[in-house]
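To convert, note that position 142 of the sequence shown is 142 in full-length UniProt numbering; the numbers rise steadily by one, no gaps.
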Amino acid sequence: MNVSSTHTPDVPREGRRLVLLRHAKAEPGSDPVPDADRPLALRGRKQAGRVGSALTAAHLVPDLALVSSALRTRQTWELAAAHLPSHESITVDVRDELYAASVKDVLELVRGAADDVTTVLVVGHEPTMAATAAYLAAPGSDDAALAQVRVGVPTATYSVLHAEDLPWSRWGKNSATLVRVGRPS
C-alpha cells in the first residue's frame, strides 16, 4: 500500500485528478463541544502541514478545494495550503453539506467543477472519503490502494483518482483510476 511519502508513484499530470483527503487528527470529542467544532490536535496540525508538502511533491496542487465546514477540516486545509505553491490562487469552497456527506453528495459537488479545473481536492470525513474513492475506482486501479479505501483510511490520508478524458460532470461509479493512497509519515 502506498501510504508513506517516501514512495510517490507517478500521478498522471494530464486529464483530471480528484484528491480525497480525510482531515488530520482532531481532538477527541467532549461535552459541551459539538462534533463540528472539534479542533485539530497538535499531532493533526503537524500532519496537515506534511500533507501540503506531500501534495506539492506529487504535483497535486488543486485548482479547486472543496472543504467541509467542520473546524477540523478547515484547519486541515489551512495548514496544508500553507505548504502549497501559489495557494492564494486556489479557489476554496467551504461547504456545510460535506460535514455529513454521502458519496452522492461528494459526487454532486465534484460534478459541478468547471471544465478548466484539472485538480479538485475534497477535504472531508470518514467513511465518506474512502467510500467515494472505492465507488469511483475503475478496473485497472492500484490493488493496494483499492484494498485500503475499501476498509477506510486513517486521518491525514489522501486518495488520488485520475480520468484522462472525462469531464467532471460525467464522473461516476467505476469512472476513474485509483492511482494511489498516500499518508505522509
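Ideal Cβ placement from N, Cα and C applies to all residues, glycine included.
All values derive from a computational prediction rather than experimental measurement.
Check: Buried versus exposed call for His59 [16 or more other C-beta atoms within 10 Å across all chains shown]; Outcome: exposed
Check: Assigned secondary structure, Tyr158 (DSSP; H/G/I helix, E/B strand, else coil); Outcome: strand
Check: Where Thr6 falls, given that 16 or more other Cβ within 10 Å makes a residue buried; Outcome: For Thr6, the predicted model reports a pLDDT of 34, less than 50, meaning its position is unreliable; a value from the coordinates is still stated below. Exposed.
Check: Exposure label - Pro34; buried when at least 16 CB within 10 Å; Outcome: exposed
Check: Close beta carbons around Ala70, own chain, < 6 Å, minus the five adjacent residues each side; Outcome: Ala36, Tyr99
Check: C-beta atoms of Arg45 and Leu84 nearer than 9 Å; Outcome: no
Check: Straight-line Cα distance separating Arg38 from Pro28; Outcome: 7 Å
Check: Nearest-angstrom Cα separation, counted from Ala48 out to Val151; Outcome: 22 Å
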